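Data block below; observations after.
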Amino acid sequence: MKMSFRWFGRDNDPIPLEYIRQIPGTEEVVWALHHKKPGEIWTKDEIDEEVNFIQSLGLKTSVVESVNIHDDIKLGLDSREEYIANYIETLENLAAAGVKVVCYNFMPVFDWTRTELFHPLADGSTAMYMEKAQIIDTDPHELIAMFEKGSKGLTLPGWEPERMAKIKELFAAYEGITGEELRANFKYFIDAIIPTCEKHDIKMAIHPDDPPFEIFNLPRLVNNQKNIDLLLEVNDSPYHGLTFCTGSLGANPENDQIEMLEKYVDRTHFIHIRNVDLDEEGNFTEVSHRTADGTVDVVNLVKVLIDNDFDGYIRPDHGRNVFGEDADSVRPGYGLYDRAMGIMYLNGCIDAFTTT
Ligand code: CS2
Ligand code: MN
24 MKMSFRWFGR DNDPIPLEYI RQIPGTEEVV WALHHKKPGE IWTKDEIDEE
74 VNFIQSLGLK TSVVESVNIH DDIKLGLDSR EEYIANYIET LENLAAAGVK
124 VVCYNFMPVF DWTRTELFHP LADGSTAMYM EKAQIIDTDP HELIAMFEKG
174 SKGLTLPGWE PERMAKIKEL FAAYEGITGE ELRANFKYFI DAIIPTCEKH
224 DIKMAIHPDD PPFEIFNLPR LVNNQKNIDL LLEVNDSPYH GLTFCTGSLG
274 ANPENDQIEM LEKYVDRTHF IHIRNVDLDE EGNFTEVSHR TADGTVDVVN
324 LVKVLIDNDF DGYIRPDHGR NVFGEDADSV RPGYGLYDRA MGIMYLNGCI
374 DAFTTT
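With our numbering applied, the sequence shown corresponds to residues 24 to 379, in that order.
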């Protein structure tokens with residue numbers, strides 16, 4: 024298994040690559056061309072520039088997170104043909120640069136959703152938090168009105184500004200779409216790209232929906248065993264696989280993640296380790312990676328990986344804001360310190376379970 028660390032690029036991430044290289048055992052930087060809009064082609068020159076820069080500092084570039092999917096593909100519109108052709112060209116260009124795994128998601132309208140970015144914890148650090156009732160009780164129309172008024176009621180960092188400018192149109196476009204329809208559109212997309220993935224040896228790893236339950240009446244495809252079974256069945260190629268994110272899946276108390284990882288490990292190309300502390304109302308706080316600090320059994324999840332000779336990529340996912348790190352300059356959840364400590368915790372688990 025190869026240890027990695029997500030980095031948002033020179034223009035967006037204050038963490039120097041030199042520091043990432045100092046985290047023991049970290050070989051890989053998980054990267055993306057963050058200025059690219061969904062549906063745009065990533066050119067060979069742009070890819071080479073980024074890859075060469077990262078590699079010049081002694082780090083590898085095998086994993087991209089994310090190449091985002093244009094909404095017309097998710098909606099199954101005729102215009103999807105052009106965006107699928109662009110996606111294929113991007114995959115060919117990434118494969119030519121040596122990229123092996125692409126993480127992406129297929130969530131309508133939003134990437135991850137939280138109600139608080141700097142929720143205070145007892146130890147004086149802060150972490151992202153989601154109060155379930157606040158999300159569940161918000162009607163989509165109310166949400167649109169809140170955005171139009173510039174309301175700060177919900178703080179939603181994963182939501183790209185370009186998409187939020189179109190929130191009304193997006194909600195209208197997805198109005199009434201069922202899980203079955205969304206899955207059919209997913210199948211159309213994955214069937215179209217898999218021959219390219221197989222030919223160029225580049226694997227697709229879909230990220231779970233976050234949170235793993237319906238929000239604002241939008242359907243979910245990657246949130247529990249039943250839906251993940253259906254999702255994987257749409258195309259049997261091993262190039263259609265998962266990013267197993269323990270924080271996302273861990274926010275649904277019905278998910279037995281040990282059982283799920285054992286079942287899906289052969290279709291898992293990338294694993295995100297994040298711990299959450301889930302309470303009885305379904306609210307959760309993103310805590311340290313240590314098993315004892317939350318409700319995700321990180322230690323035994325790592326054991327499943329070792330027992331199955333997992334050969335893919337792993338990274339610590341969201342961490343807390345600790346040690347006075349400048350919360351305004353780093354992306355919420357993506358500071359250096361707590362994620363670096365997360366890696367050392369994972370290294371400890373991996374070493375303890377690896378028999379020599
Ligand atoms: C998140 C997501 O859990 C995570 O890793 O930060 O934003 C994730 O990167 C995307 O949903 C994957 O496409
Ligand atoms: Mn994740």
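Glycine is no exception: its CB is placed at the ideal position from the N, C-alpha and C atoms. Bear in mind that the values here come from a model prediction, so they are computed numbers and not experimental data.
For this session: Under 8 Å by Cβ, that's how I've got Tyr336 and Val124 pegged, so tell me the actual separation to the nearest angstrom.
Result: By 1-based counting over the sequence shown, the position of residue 336 is 313. By 1-based counting over the sequence shown, the position of residue 124 is 101. Taking C-beta atoms under 8 Å as the contact rule, Tyr336 and Val124 qualify, at a distance of about 6 Å.
For this session: Determine the closest residue to Glu309 out of Leu98, Pro339 and Ala118, with distance taken between C-alpha atoms.
Result: Locating residue 309 in the sequence shown gives position 286, where the first residue counts as 1. Comparing C-alpha distances from Glu309 to each of Leu98, Pro339 and Ala118 shows the shortest one belongs to Pro339.
Exercise. Can the beta-carbon of Ala196 be found less than 8 Å from the beta-carbon of Asp101?
Worked result: Numbered from 1 along the sequence shown, position 173 holds the residue referred to as residue 196. Numbered from 1 along the sequence shown, position 78 holds the residue referred to as residue 101. No.
Problem set entry | Continuous beta strand (DSSP E) stretch holding Asp386: start and end | No answer is possible for residue 386: the residues shown for the chain start at 24 and end at 379.
Problem set entry | 8 Å Cβ cutoff met for Ile190 and Phe209 | On the sequence shown, position 167 is the one that residue 190 refers to. On the sequence shown, position 186 is the one that residue 209 refers to. No, the pair does not count as a contact, with Cβ atoms beyond the cut-off.
For this session: Identify, in the order they occur along the chain, each residue of the same chain with its Cβ nearer than 7 Å to the Cβ of Thr201, setting aside the five sequence neighbours on each side.
Result: In the sequence shown, counting from the first residue as 1, residue 201 sits at position 178. Pro242.
For this session: With a threshold of 16 other CB atoms inside 10 Å of the CB of Met283, please say whether the residue is buried or exposed.
Result: On the sequence shown, position 260 is the one that residue 283 refers to. It counts as buried.
Exercise. For Thr269 versus Leu324, is the C-beta spacing smaller than 8 Å?
Worked result: For this step, residue 269 is matched to residue 246 along the sequence shown. For this step, residue 324 is matched to residue 301 along the sequence shown. Cβ distance < 8 Å, so Thr269 and Leu324 count as in contact.
For this session: Mind listing, in chain order, the continuous alpha helix (DSSP H) runs of no fewer than 4 residues lying wholly within the region 280 to 325?
Result: 280 to 287, all fully within the region 280 to 325.
Problem set entry | Same chain, Cβ closer than 6 Å to Gly48, five either side skipped, listed in chain order | For the purposes of this step, residue 48 is taken as the residue at position 25 of the sequence shown. In the same chain as Gly48, and ignoring 5 residues on each side of it, the C-beta atoms closer than 6 Å to its own belong to Met26 and Asn370, in chain order.
Problem set entry | Sequence ranges, alpha helix (DSSP H) only - wholly within the region 224 to 269, length at least 4 | Fully enclosed alpha helix (DSSP H) runs of 4 or longer: 248 to 256.
Exercise. Going along the chain, which residues of its own chain have a beta-carbon closer than 7 Å to the beta-carbon of Arg103, five neighbours each way excluded?
Worked result: Position 80 of the sequence shown holds residue 103. Counting only Cβ-Cβ distances below 7 Å, and skipping sequence neighbours, we find Asp95 and Ile96.
Problem set entry | Euclidean distance between Cα positions of Glu112 and Ser85 | For the purposes of this step, residue 112 is taken as residue 89 along the sequence shown, with counting starting at 1. For the purposes of this step, residue 85 is taken as residue 62 along the sequence shown, with counting starting at 1. Roughly 18 Å between the two C-alpha positions.
Problem set entry | As assigned by DSSP and simplified to three states, the class of Leu82 | The residue labelled residue 82 in the question sits at position 59 within the sequence shown. Looking at Leu82 - three-state DSSP - the assignment turns out to be coil, as it is neither helix nor strand.
Problem set entry | Asp134 to Ala188 span [Cα, whole Å] | Position 111 of the sequence shown, counted from the start, is the residue given in the question as residue 134. Position 165 of the sequence shown, counted from the start, is the residue given in the question as residue 188. Distance from the CA atom of Asp134 to the CA atom of Ala188, rounded to whole angstroms, is 15 Å.
Exercise. What is the DSSP secondary structure of Ser102, counted as helix, strand or coil?
Worked result: Looking up residue 102 in the sequence shown gives position 79. The DSSP-derived three-state label of Ser102 is coil.
Exercise. By Cβ distance below 6 Å, which residues in the same chain neighbour Ile294 in space, the five residues on each side in sequence not counted?
Worked result: Counting from one through the sequence shown, the residue named residue 294 turns up at place 271. Cβ within range, chain order: Phe267 and Ile337.
For this session: Answer yes or no: the CB of Asn275 versus the heavy atoms of the ligand CS2, is any distance below 7 Å?
Result: Along the sequence shown, one-based indexing puts residue 275 at 252. For the ligand CS2, not one heavy atom lies less than 7 Å from the Cβ of Asn275.
Exercise. Alpha helix (DSSP H) containing His164: first to last residue?
Worked result: As a position in the sequence shown, residue 164 is number 141, starting the count at 1. Pro163 to Glu171 is the span of the alpha helix (DSSP H), which, as asked, contains His164.
For this session: Starting from the Cα of Glu303, find the closest Cα among Val319, Ile159, Pro276 and Asp316 and give me that residue.
Result: On the sequence shown, residue 303 is found 280 positions in, with the first residue counted as 1. Cα-wise, what sits closest to Glu303 is Pro276.
Exercise. Taking a cut-off of 6 Å, which residues have a beta-carbon closer than that to any heavy atom of the ligand NAP, in chain order?
Worked result: With respect to small molecules bound, the structure shown includes the ligand CS2 and the ligand MN and not the ligand NAP.
Exercise. Apart from the five residues on each side of it in sequence, which residues of its chain come closer than 6 Å, Cβ to Cβ, to Arg343?
Worked result: Counting from one through the sequence shown, the residue named residue 343 turns up at place 320. Ser148, Ala150 and Asp361.
For this session: Can you tell me which of Glu256, Leu144 and Ile167 puts its alpha carbon nearest to the alpha carbon of Gly317?
Result: What you label residue 317 is simply residue 294 of the sequence shown in a count that begins at 1. Nearest of Glu256, Leu144 and Ile167 to Gly317, Cα basis: Leu144.
Exercise. Roughly how many angstroms separate the alpha carbons of Ala350 and Gly358, rounded to a whole number?
Worked result: Within the sequence shown, numbered from 1, the residue matching residue 350 stands at position 327. Within the sequence shown, numbered from 1, the residue matching residue 358 stands at position 335. So the alpha carbons of these two residues sit roughly 8 Å apart.
Exercise. So does Arg297 have its beta carbon nearer than 7 Å to some heavy atom of the ligand MN?
Worked result: Against the sequence shown, residue 297 aligns to sequence position 274. Within the cutoff, so yes.
Exercise. Going by other Cβ atoms of all chains shown within 10 Å of its Cβ, with 16 needed for buried, is Phe28 buried or exposed?
Worked result: For the purposes of this step, residue 28 is identified with residue 5 of the sequence shown, where counting begins at 1. It is buried - the Cβ of Phe28 has at least 16 other Cβ atoms within 10 Å.
Exercise. Tell me which same chain residues have a C-beta within less than 7 Å of the C-beta of Asp259, skipping the five on either side of it?
Worked result: Locating residue 259 in the sequence shown gives position 236, where the first residue counts as 1. Cβ neighbours of Asp259 beyond the five flanking positions: none.
For this session: Can you check DSSP and say which residues form a bridge with Asp142?
Result: The sequence position of residue 142 within the sequence shown is 119, counting from 1. The identity of residue 142 in the sequence shown is His, whereas the question assumes Asp. His142 is bridged to Ala150.
Problem set entry | Three-state secondary structure (DSSP) of Thr201 | Here residue 201 corresponds to residue number 178 of the sequence shown, with the count starting at 1. The three-state secondary structure of Thr201, taken from DSSP, is coil.
For this session: Measure from the alpha carbon of Lys67 to the alpha carbon of each residue in Pro37, Glu88, Asn109 and Ser79, then state which is nearest.
Result: Looking up residue 67 in the sequence shown gives position 44. When Pro37, Glu88, Asn109 and Ser79 are compared, the shortest CA-CA separation from Lys67 is found for Asn109.
Problem set entry | Element boundaries [alpha helix (DSSP H), containing Phe376] | On the sequence shown, residue 376 is found 353 positions in, with the first residue counted as 1. If you look at Phe376, you'll find it in the alpha helix (DSSP H) that goes Tyr360 to Phe376.
For this session: With DSSP as the reference, please indicate the residues paired to Glu51 in a beta bridge.
Result: The residue labelled residue 51 in the question sits at position 28 within the sequence shown. When DSSP reads this structure, Glu51 sits in a beta bridge with Ser27 and Lys83.
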